[in-house]
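Worksheet: one structure, shown below.
Protein chains: 2
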Amino acid sequence: MRQDVIDSLVSEATAFMGSRITTNVTVRDQHSHGEGSFPPGQPDAVAFAETTEEVSKLVALAHARALPVIAFGTGTSLEGHVNAVQGGLTIDLSRMDRILEVNPDDMDCRIEAGVVRSKLNEYLRDQGLFMPIDPGADASIGGMCATRASGTNAVRYGTIRDNVLGLTVVMADGRVIKTGGRVRKSSTGYDLTRLFIGSEGTLGIITEIQLRLHGIPEAISSATCQFTDMASAVQTVIEVMQAGIPIARIELLDEVQMEACIAYSKLTGFEVLPALFFEFHGTQAGVREQAELAESIARDNGGRAFAWATDTEARNKLWKARHDAYWACRAMRPTYGALITDTIVPVSKLAEAVLGVKEDVAESGLLAPMVGHVGDGNFHTVILVPPEPDGLARAWALDRKIVARGLALGGSCSGEHGVGGGKRGFLVTEHGEETIEVMRMVKAALDPSGILNPGKLLPDRVGTN
Amino acid sequence: MRQDVIDSLVSEATAFMGSRITTNVTVRDQHSHGEGSFPPGQPDAVAFAETTEEVSKLVALAHARALPVIAFGTGTSLEGHVNAVQGGLTIDLSRMDRILEVNPDDMDCRIEAGVVRSKLNEYLRDQGLFMPIDPGADASIGGMCATRASGTNAVRYGTIRDNVLGLTVVMADGRVIKTGGRVRKSSTGYDLTRLFIGSEGTLGIITEIQLRLHGIPEAISSATCQFTDMASAVQTVIEVMQAGIPIARIELLDEVQMEACIAYSKLTGFEVLPALFFEFHGTQAGVREQAELAESIARDNGGRAFAWATDTEARNKLWKARHDAYWACRAMRPTYGALITDTIVPVSKLAEAVLGVKEDVAESGLLAPMVGHVGDGNFHTVILVPPEPDGLARAWALDRKIVARGLALGGSCSGEHGVGGGKRGFLVTEHGEETIEVMRMVKAALDPSGILNPGKLLPDRVGTN
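Chains as they are written, first to last, in full-length UniProt numbering: chain A, 1 to 465; chain B, 1 to 465.
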């Protein structure tokens, strides 16, 4: 019965997609998961869309059959966003990778949802522009919008939410709408752009993005500073933020993470102690001034020698080490798995949160290096999962404890990885039942048959499954 | 019949509001309009709420009777937002003016919706913090959220949208929800905060706001520069933005506006020529560097002597003149009325828009000084309305022409004043019928009986009234 429905959809779609829609098992397997530790969910079919019109037609076909539709970008989600937990049709947008328009005078561009970060920034470099949001993975911009991604630069440039001017979205019935526009601000109508950003494919499928861009700064410099304890490092972060230093990145790595990075990235001149990595953007004079101010704050907090990385090569090595932090963790225990936690607290609670988490980790007996975008109060632990029968369960228990600790301190259960399937259980605690009910009202209004990425983001009502 | 319904609501509300709910005609008149040129709309009753719980109870009473509910802050709206065009209950929030909490470490605060801008900034000054959004009027922060306000500082600090972390909102049936939180970023759930910001009281009534604050800059300096023609001034703006100068304000006044300001604010050293007013925020060295760069760009574009206003007194005089620009316009023709247009275009279209608007004004035979937050592409004309039978009609015709010109250049029909009753007719042109239909779906989901500020923001469907 269900198979008949799938077959009829595939048959109709083949008329305009040709072999770009498939029920091949290997392709379905590839699309059954992201990079998180969740059970895979295989879609019944996968379509490789090349235009908004194709996405619209595909969604209309699924809508007519009440079949689930899941949007898929690069598959780098960590929270099970793309797992087709109820089967259905996965629409892979990776071939929608055209850069449609760049307007240097307005510092904006229009791109298709499948464009990945590195490709966009390579394309823009000659024009002196860049898109600052950097979630680590070379994610698609559409996926970044859908999950409200951010990363190391958010402390200065905001999250993807702050850098999108407008969207093209395919609605649950296949209708296509445009939200926002090209202007820098507007006060006309409901902010549908922001409603779709972070909606994780549950309200519509984003196919095009009007993005705000930034000028490549005239000067960039980096520095590192180590501390004998985490509390002093965190206090430095708080004071740097309060001083209004427009810092571009400020990353905290605990001593375990530093041990991993020193070994993996062959970093020299570092000790196995907590470290802050700084990056400053601005004019030559501005960058110098920012860095001197940060250095004096660090010194007042007991920071050891501020180490400068002014030339491009040293800077790249440093940030490559930061980017590779995850792989450095994995290399500590090559036979282990890994579970990445994501939590965020108000900056004033950061020391309490971080020190508490280190206690949680110690109690668990697990190895879990910590790294964070601490200018925002956002931090991650990479829980290394022992290859033992209860390994994953122990890792999940620690993850849950860490997230609950963040929530208890007035935080959020996800700073940037999203809800997906993984964080649904925390949403009522974080937002309250009444607020979640309003989210459900919005969902019911825009996707009344519930075909868009079912089983994600919104928790089930109590008493239902 | 209707009067019976009103009477029963007033009677029930009196039980918990006492004399703070009234049907007094003077009070109803005071609440029948903002500062725009729209026919007043008198509510049937006015309640002065003091707590979220009272707002909740009042909305529930109105909901049970399907009576319109209009939120009222300071009444400084320019687009007819507060006019009770279908009667009903107006809830005046001006007594909800408590500053509930300030967290200097996190640079945020929680306030009631009726707190006005000046009061908040006075309160924060001793802590070295400020709330940068400055729409000109001493508006309530709740009203600023409801209309997605911005103003002269938006080019650096964003609009109110970018500075709100969370809200308390009373829904159409009286339920109270909290959106967002205290963290700087989060990727958990639909962005209800942004959905209510700019919803103009049509989706819910905002009663509390968690606001992001900024450190008062170490150094502030201002400068002015005049140009022989508007195109050179606009080109200067474009180049300043492209250079990535983090300018705090950049305001363009045309020669007519300068004539008005010179006379009204007794400005010395200015000619009747277009002018740019600049403000720079940062460290001492940073501000100097920014200003020198701006000066060299202005000079390359034929700007005349850059005049500095470094001391506080000179700076205050300058920005007071800018703030008083509206009154300066009115003083040019004391017997005339005034209609303020609001439009915004991509910065690359600014010269074309501004020069076109000056032609429109010339053709109309009306006097209409122009002033704008041009770093965003946003500008206003103050159309002086002759005290003649067709004066207002002529002014409206010019206003419509200017807005249509902005839209034709890829702009928005309102950069910051909102839609209210005044701009509804442009919404389909700007966003498209399909997108407006999605907004209607959201409205129907959250306010199914349509009691929240009816007749505002969303245009009626074609064929209905």
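Idealized CB from N, CA, C, for every residue including glycine.
- Taking a 10 Å sphere around the C-beta of A/GLU433, we find fewer than 16 other C-beta atoms and assign the residue as exposed.
- Contact of A/ASP106 with chain B is assigned, a C-beta pair being separated by under 8 Å.
- In the three-state scheme derived from DSSP, where H, G and I count as helix and E and B as strand, B/ALA395 is classed as helix.
- Going by C-alpha positions, B/GLY36 is about 35 Å away from A/THR435.
- The distance from the Cβ of A/HIS431 to that of A/GLY136 is about 26 Å, inconsistent with a contact at the 8 Å cut-off.
- The Cβ atoms of B/THR179 and B/THR188 lie no closer than 8 Å to each other.
- Under the Cβ distance rule, A/LEU457 counts among the residues neighbouring chain B, one pair being separated by less than 8 Å.
- Bounds of the beta strand (DSSP E) holding B/LEU89 are 89-92.
- In this model, A/THR52 and A/VAL102 are separated by some 19 Å (Cα to Cα).
- Between the alpha carbons of B/TYR123 and A/GLU200 lies a distance of about 40 Å.
- Residue contact with chain A for B/ALA231: absent (no Cβ-Cβ distance below 8 Å to any residue of chain A).
- The criterion of a C-beta distance shorter than 8 Å is satisfied by A/LEU276 and A/GLU251.
- A/LEU203 and B/ASP399 have their C-alpha atoms spaced approximately 37 Å apart.
- Under the DSSP assignment, A/ARG110 falls in the beta strand (DSSP E) whose first and last residues are 108-112.
- B/ASP126 does not reach chain A, its nearest Cβ partner there being about 15 Å away, counting only Cβ pairs nearer than 8 Å.
- Closest in C-alpha terms to B/ASN121, from the list B/SER19, B/ILE141, B/ASP105, comes B/ILE141.
- Going by DSSP, B/ARG330 is part of no beta strand (DSSP E) but of the alpha helix (DSSP H) stretching over 325-332.
- Bridge pairing for A/LYS178: A/THR168 [DSSP].
- In the DSSP assignment, A/LEU9 falls within the unbroken alpha helix (DSSP H) covering 2-17.
- If you draw a 10 Å sphere on the C-beta of B/ASN301, you find 16 or more other C-beta atoms in it, and that means buried.
- At a Cβ-Cβ threshold of 8 Å, B/ILE383 and B/LEU366 count as neighbours.
- Distances from the alpha-carbon of B/ASP254 to those of B/ILE160, B/MET171, B/VAL361 put B/VAL361 closest.
- Contact with chain B is absent for A/ARG110, since none of that chain's Cβ atoms lies less than 8 Å from the residue's Cβ.
- Shown here for B/SER449: same chain residues with a beta carbon closer than 8 Å to its own, the five before and five after excluded, namely HIS63, ALA66, ALA172 in chain order.
- When the beta-carbon positions are compared, B/GLY406 and B/ILE344 come within less than 8 Å of each other.
- Interface residue (Cβ-Cβ distance to chain B less than 8 Å): A/ARG194 is classified as such.
- Segment contact: the segment 215-232 of chain A against the segment 273-287 of chain A, three or more CB-CB distances shorter than 8 Å; contact assigned.
- Per DSSP, B/CYS145 is one residue of the alpha helix (DSSP H) stretching across 141-147.
- If you look at B/ARG440, you'll find it isn't in any beta strand (DSSP E); it sits in the alpha helix (DSSP H) that goes 433-446.
- Here A/HIS417 carries a coil assignment [DSSP, helix/strand/coil].
- Taken atom to atom, the span from the alpha-carbon of A/GLU50 to that of A/ASP7 is near 21 Å.
- Counting the other Cβ atoms within 10 Å of the Cβ of B/GLN257 gives 16 or more, which makes it buried.
- Taking a cut-off of 8 Å on C-beta distances, the segment 375-389 of chain A touches the segment 319-339 of chain A, as three or more cross pairs fall below it.
- With respect to the C-alpha of A/GLY421, the residue from A/ASN83, A/ILE70, A/ASP4, A/GLN30 having the closest C-alpha is A/ASN83.
- B/VAL462 counts as exposed, since fewer than 16 other beta carbons sit within 10 angstroms of its beta carbon.
- Counting the other CB atoms within 10 Å of its CB gives A/LEU100 a total below 16, which places it among the exposed residues.
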